[in-house]
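Everything on this sheet refers to the single structure shown next.
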Amino acid sequence: MKRCFFLAFAFVFSTSVFAQIEREEQPINTTPQIQLNQQRIIGKVLDGKTGKGLEAASVQLYIYNWQTGKDSLIRGLFSKGNGDFSFDHLPQADSFRVSISGVGYQQWSKLVSADREGKSIIDLGNVPIEAETQVMSNIVISTQQRTALQMGIDRKIYNVESNITATGGTALDVMRNIPSVSVDPEGAVQLRNAQPQIFVDGRPTILTPDQIPSDQIERIELITNPSSKFDASSSAGIINIVMKRNRRIGLNGIASLGGGHPSIINGNLSLNARQGKFNVFVTGGYNQSGGRAKGETLRQNKRNGVVQDYFNQ
1342 MKRCFFLAFA FVFSTSVFAQ IEREEQPINT TPQIQLNQQR IIGKVLDGKT GKGLEAASVQ
1402 LYIYNWQTGK DSLIRGLFSK GNGDFSFDHL PQADSFRVSI SGVGYQQWSK LVSADREGKS
1462 IIDLGNVPIE AETQVMSNIV ISTQQRTALQ MGIDRKIYNV ESNITATGGT ALDVMRNIPS
1522 VSVDPEGAVQ LRNAQPQIFV DGRPTILTPD QIPSDQIERI ELITNPSSKF DASSSAGIIN
1582 IVMKRNRRIG LNGIASLGGG HPSIINGNLS LNARQGKFNV FVTGGYNQSG GRAKGETLRQ
1642 NKRNGVVQDY FNQ
């Protein structure tokens, strides 16, 4: 009886000890871990033309998979001021790919084999990268538009074609935008604070600037110091309006109407008919200034300081 009890006790004790040992075992971690080593990749980026270190070049490091033929990016950095770069504590791999690029430079790439023991330094040395070159086809730039203001020998030339406001207006609208020319609210033109003569195609004209359509004007010439070939009355200056040679064929014209208070009305009408070498134009205007004039007169006649008579009107 004692022998059976001893055997049963020994069996229970051994089972308990075995169960306690199993509970103390740690679980196995099946998650893959990237093991780092002491391997380094170093190099220096140079400008391919000057041979100087290139700062802020983008250097990227990939792990190359020979089975899939694909790269996996693992690191990225910018080169230092002297062009140096370094990748430290690299993961274990068979091959790496180093890619270098920069703004305005061609991309450089190289596949390098890793040291299986992970203790060596892979020195790429000096890495010159070349500037991008772009071959462009011949470019021809042509323009028919001249500059707005040109300087002549004895005059300033203002090209109306360069003025956006020239369309749909009159010569008066164009003159408002010409330096040294001023136009008052009533349409009077002054050149350097003097009243100039208005010429059309080099000849005096009876037309006023507001009667000449701006889209028919090629240019306006300012002659501040007329030569002796001009009349003496032109000493205050000349504004010569040069018309376009290819004037419109047919009938065209311009009309303007204005008014004010009290009873101020003005209007102008200009018609032009052209056929071949013949050109006929008619112009007319109307101006009315209304209102009443009001005045007061006060007069006293004195003799020896004494008022003799008094007049008030």
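Offset between the sequence shown (1-based) and the numbering used here: plus 1341. Cβ atoms here follow ideal geometry from the backbone N, Cα and C, with glycine treated the same way.
What are the start and end residues of each continuous beta strand (DSSP E) run of 3 or more residues lying completely inside the stretch 1593 to 1630, in chain order?
-> 1605 to 1616, 1619 to 1630
Environment of THR1372 [buried if 16+ CB atoms lie within 10 Å] | Position 31 of the sequence shown holds residue 1372. Only weak support exists for where THR1372 lies, its pLDDT of 39 falling under 50; the coordinates are left without a value.
Measure the Cβ-Cβ separation of PRO1432 and ILE1462 and say whether it is below 9 Å.
-> The residue given as residue 1432 occupies position 91 in the sequence shown. The residue given as residue 1462 occupies position 121 in the sequence shown. Not in contact: PRO1432 and ILE1462 (Cβ atoms no closer than 9 Å).
Kindly indicate which residue of PRO1469, GLU1502, TYR1446, ILE1415 has the alpha-carbon position closest to the one of ASP1425.
-> As a position in the sequence shown, residue 1425 is number 84, starting the count at 1. When each option's Cα is compared against that of ASP1425, the closest is PRO1469.
Would you grab the beta carbon distance between ALA1472 and LYS1390 for me? Rounded to a whole angstrom, and I think it's under 8 Å.
-> Indexing the sequence shown from 1 puts residue 1472 at position 131. Indexing the sequence shown from 1 puts residue 1390 at position 49. Right, the Cβ-Cβ distance comes to about 6 Å (below 8 Å), so this counts as a contact.
Should SER1450 be flagged as near chain D, meaning a C-beta pair shorter than 9 Å?
-> Going by chain labels, chain D is absent from the structure shown, which holds only one protein chain.
State the Cα-Cα distance for the pair VAL1648 and ASN1642, rounded to the nearest angstrom.
-> Within the sequence shown, residue 1648 is the residue found at index 307, counting from 1. Within the sequence shown, residue 1642 is the residue found at index 301, counting from 1. If you take the alpha carbons of VAL1648 and ASN1642, they lie about 6 Å apart.
Where the beta strand (DSSP E) containing LEU1431 begins and where it ends | For the purposes of this step, residue 1431 is identified with residue 90 of the sequence shown, where counting begins at 1. From DSSP, LEU1431 is part of no beta strand (DSSP E); its letter is neither H nor E.
When burial is assigned at 16 or more other CB atoms within 10 Å of the CB, is TRP1407 buried or exposed?
-> By 1-based counting over the sequence shown, the position of residue 1407 is 66. Exposed: under 16 other Cβ atoms inside 10 Å.
Closer than 8 Å by C-beta to GLY1600: which residues in its own chain qualify, once you throw out the five before and the five after it? Chain order, please.
-> Mapped onto the sequence shown, residue 1600 falls at position 259. Excluding sequence neighbours, GLY1600 sits near ILE1606, ASN1607.
In the DSSP assignment, find the unbroken alpha helix (DSSP H) run with ILE1514 in it and report its ends.
-> To locate residue 1514, count along the sequence shown from 1; it is residue 173. A small fix is needed here, since residue 1514 is Asp in this sequence, not Ile. Its alpha helix (DSSP H) spans residues 1512 to 1516.
Using three-state DSSP, classify GLU1656 as helix, strand or coil.
-> Only positions 1342 to 1654 of the chain appear in this structure, which leaves residue 1656 out of reach.
Looking at C-alpha atoms only, which residue of ILE1382, GLY1392, LEU1418, SER1413 is the closest neighbour of ALA1398?
-> As a working mapping, residue 1398 is identified with position 57 in the sequence shown. The shortest C-alpha separation from ALA1398 is found at LEU1418.
Roughly how many angstroms separate the alpha carbons of ILE1579 and ILE1519, rounded to a whole number?
-> The residue you call residue 1579 lines up with position 238 of the sequence shown. The residue you call residue 1519 lines up with position 178 of the sequence shown. Each residue's alpha carbon lies about 14 Å from the other.
Would you kindly report the start and end of the unbroken beta strand (DSSP E) that includes ASP1464?
-> In the sequence shown, the residue the question calls residue 1464 occupies position 123. Here the beta strand (DSSP E) through ASP1464 covers 1462 to 1470.
LEU1639: beta carbon under 8 Å from a heavy atom of the ligand HEM?
-> Inclusion of the ligand HEM in the displayed structure is not the case, the ligand content being empty and no account of it being possible.
When you compare each of GLY1394, SER1413, GLY1422, LEU1395 to LEU1402 by their alpha carbons, which one comes out closest?
-> Taking the first residue of the sequence shown as position 1, residue 1402 is located at position 61. Selected option, being the one with the closest Cα: SER1413.
Beta-ladder partner(s) of TYR1440, from DSSP | The residue labelled residue 1440 in the question sits at position 99 within the sequence shown. Rather than Tyr, the amino acid found at residue 1440 in this sequence is Ser. Answer is GLN1401, SER1450, bridged to SER1440.
Cα-Cα separation between GLN1557 and ARG1640, rounded to whole angstroms = To locate residue 1557, count along the sequence shown from 1; it is residue 216. To locate residue 1640, count along the sequence shown from 1; it is residue 299. Their backbone Cα atoms lie some 59 Å apart in a straight line.
What are the boundary residues of the beta strand (DSSP E) that SER1568 is part of?
-> The residue given as residue 1568 occupies position 227 in the sequence shown. Segment: none, SER1568 is in no beta strand (DSSP E) and carries neither H nor E.
Anyone know if the C-beta pair for SER1555 and GLY1626 falls short of 9 Å?
-> One-based indexing of the sequence shown puts residue 1555 at position 214. One-based indexing of the sequence shown puts residue 1626 at position 285. Cβ distance not < 9 Å, so SER1555 and GLY1626 don't count as in contact.
From this set, GLN1629, ASN1645, GLY1384, which residue's C-alpha is nearest ASP1464's C-alpha?
-> Sequence index remark: in the sequence shown, residue 1464 carries index 123 (1-based). The option with the nearest alpha carbon to ASP1464 is GLY1384.
Around the C-beta of SER1611, are 16 or more other C-beta atoms found within 10 angstroms, so that it is buried, or is it exposed?
-> Translated into the one-based positions of the sequence shown, residue 1611 becomes position 270. Label assigned to SER1611: buried.
Run of the beta strand (DSSP E) containing ASN1500, from where it starts to where it stops | What you label residue 1500 is simply residue 159 of the sequence shown in a count that begins at 1. Unbroken beta strand (DSSP E) run through ASN1500: 1497 to 1500.
DSSP on PRO1550, reduced to helix/strand/coil?
-> Here the question's residue 1550 lines up with position 209 in the sequence shown. Looking at PRO1550 - three-state DSSP - the assignment turns out to be helix.
In whole angstroms, what separates the C-alpha of GLU1559 from that of LEU1490?
-> Residue mapping note: residue 1559 aligns to position 218 of the sequence shown, counting from 1. Residue mapping note: residue 1490 aligns to position 149 of the sequence shown, counting from 1. Answer to the nearest angstrom: the Cα atoms are 13 Å apart.
Taking the Cβ atom as the reference point for each residue, do LEU1513 and LEU1532 lie within a distance shorter than 9 Å?
-> By 1-based counting over the sequence shown, the position of residue 1513 is 172. By 1-based counting over the sequence shown, the position of residue 1532 is 191. No, the Cβ-Cβ distance between LEU1513 and LEU1532 is not below 9 Å.
Could you tell me which of GLU1637, GLN1448, SER1523, ASP1388 sits nearest to VAL1400, measuring between CA atoms?
-> Position 59 of the sequence shown, counting from 1, holds the residue named residue 1400. Ranking GLU1637, GLN1448, SER1523, ASP1388 by Cα distance to VAL1400 puts GLN1448 first.
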